[in-house]
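All residue numbers for the sequence shown refer to UniProt numbering, where the first residue is 1 and numbers rise by one. First up is the structure itself, then whatever we jot down about it.
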Amino acid sequence: MIKMVGRMNFKIYQGQNLLAHATEVAKLAGAFASELGEDVTLAKRAGLLHDIGKAVNNSVVQGSHVQVGVDLAKKYHESPVVIDTIQGYENEHQPKYIISELVAVAEKIAISRPGAHSESLESFVHRLDNLEKITDSFEDVQKSYAIQAGREIRVIAKPDNITDTQAIVLARRIKQKIEAEMKYPGHIKVTVIREVRSVEYAK
Numbered sequence: 001m002i003k004m005v006g007r008m009n010f011k012i013y014q015g016q017n018l019l020a021h022a023t024e025v026a027k028l029a030g031a032f033a034s035e036l037g038e039d040v041t042l043a044k045r046a047g048l049l050h051d052i053g054k055a056v057n058n059s060v061v062q063g064s065h066v067q068v069g070v071d072l073a074k075k076y077h078e079s080p081v082v083i084d085t086i087q088g089y090e091n092e093h094q095p096k097y098i099i100s101e102l103v104a105v106a107e108k109i110a111i112s113r114p115g116a117h118s119e120s121l122e123s124f125v126h127r128l129d130n131l132e133k134i135t136d137s138f139e140d141v142q143k144s145y146a147i148q149a150g151r152e153i154r155v156i157a158k159p160d161n162i163t164d165t166q167a168i169v170l171a172r173r174i175k176q177k178i179e180a181e182m183k184y185p186g187h188i189k190v191t192v193i194r195e196v197r198s199v200e201y202a203k
């Protein structure tokens with residue numbers, strides 16, 4: 001089991017180092033257990049091992065990370081509390097122990113705190129690219145530009161194809177397609193620009 005915990009140090013899940021995340025959850029769970037008079041050591045152990053299934057290579061072992069984690073915990077004779085904590089990530093499972101609940105709360109805090117997820121440059125560029133591709137897929141769009149680190153998309157509409165009123169509708173359609181096809185933090189501002197230039201030369 002120590003070897004499996006070591007492997008967590010070389011896994012990144014949703015932008016977080018898996019071992020760093022598990023250690024953070026363990027510390028929080030231990031602090032909660034101390035306040036409630038529960039077994040602090042057991043709470044820390046359950047927190048450390050709650051994601052142990054993610055340390056296993058999916059190409060070698062089949063099944064969800066929850067099931068793999070439960071199988072590992074049973075194989076190495078972990079406490080029923082630890083097994084119950086790992087099972088807690090299945091939607092239909094009802095936790096039997098207070099420590100299982102404490103670890104679940106600790107994890108929610110650990111993943112939702114500011115700065116928990118550090119995005120890689122590759123995923124960031126991929127998101128900007130997706131945003132522009134989604135917008136450019138509309139036939140009334142001439143070109144789109146993702147700006148403000150992906151928090152805004154500027155859309156240049158084809159002025160001969162749509163009216164000012166239709167530009168409002170286009171902005172709403174783009175917004176709906178982004179919401180349906182992308183996952184992103186915060187909000188994305190959609191700005192549709194329809195510009196008509198009339199140029200004459202006086203001689």
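Quick reminder that beta carbons are idealized off the backbone N, C-alpha and C, glycines included.
Between the C-alpha atoms of residue i and residue j, what's the straight-line distance to the nearest angstrom?
{"i": "residue 148", "j": "residue 156", "result": "17 angstroms"}
{"i": "residue 40", "j": "residue 187", "result": "40 angstroms"}
{"i": "residue 203", "j": "residue 160", "result": "28 angstroms"}
{"i": "residue 56", "j": "residue 29", "result": "23 angstroms"}
{"i": "residue 6", "j": "residue 80", "result": "22 angstroms"}
{"i": "residue 176", "j": "residue 162", "result": "19 angstroms"}
{"i": "residue 70", "j": "residue 35", "result": "28 angstroms"}
{"i": "residue 153", "j": "residue 142", "result": "13 angstroms"}
Sort the options by Cα distance to residue i and report the nearest one.
{"i": "residue 89", "options": "113, 78 and 54", "result": "54"}
{"i": "residue 47", "options": "104, 35, 145 and 201", "result": "104"}
{"i": "residue 50", "options": "33, 83 and 139", "result": "83"}
{"i": "residue 129", "options": "150, 1 and 9", "result": "150"}
{"i": "residue 146", "options": "92, 179 and 191", "result": "191"}
{"i": "residue 111", "options": "189, 77 and 21", "result": "21"}
{"i": "residue 68", "options": "133, 4, 184 and 182", "result": "4"}
{"i": "residue 107", "options": "177, 201 and 31", "result": "31"}
{"i": "residue 38", "options": "97, 93, 152 and 176", "result": "97"}
{"i": "residue 66", "options": "173, 93, 171 and 102", "result": "93"}
{"i": "residue 167", "options": "152, 138 and 184", "result": "138"}
{"i": "residue 109", "options": "1, 24 and 174", "result": "24"}
{"i": "residue 170", "options": "144, 152, 154 and 140", "result": "140"}
{"i": "residue 42", "options": "78, 173 and 164", "result": "78"}
Given a threshold of 16 other Cβ atoms within 10 Å of its Cβ, counted over all protein chains shown, does residue i qualify as buried or as exposed?
{"i": "residue 135", "result": "buried"}
{"i": "residue 85", "result": "buried"}
{"i": "residue 195", "result": "exposed"}
{"i": "residue 12", "result": "exposed"}
{"i": "residue 180", "result": "exposed"}
{"i": "residue 113", "result": "exposed"}
{"i": "residue 275", "result": "Beyond the ends of the chain as shown, which are 1 and 203, falls residue 275; an answer cannot be given."}
{"i": "residue 182", "result": "exposed"}
Just to confirm the assignment, what range does the alpha helix (DSSP H) spanning residue i have?
{"i": "residue 66", "result": "65 to 75"}
{"i": "residue 103", "result": "98 to 112"}
{"i": "residue 4", "result": "2 to 7"}
{"i": "residue 179", "result": "164 to 181"}
When you compare the CB of residue i with every CB in chain B, is at least one pair closer than 7 angstroms?
{"i": "residue 188", "result": "The chain labelled as chain B is not found in the depicted structure, where only one protein chain is given."}
Can you tell me which residues form a DSSP beta bridge with residue i?
{"i": "residue 13", "result": "16"}
{"i": "residue 147", "result": "152"}
{"i": "residue 82", "result": "Note: residue 82 sits in no beta bridge, so no partner."}
{"i": "residue 141", "result": "157"}
Could you spell out the range, first to last residue, of the beta strand (DSSP E) harbouring residue i?
{"i": "residue 157", "result": "152 to 157"}
{"i": "residue 192", "result": "189 to 193"}
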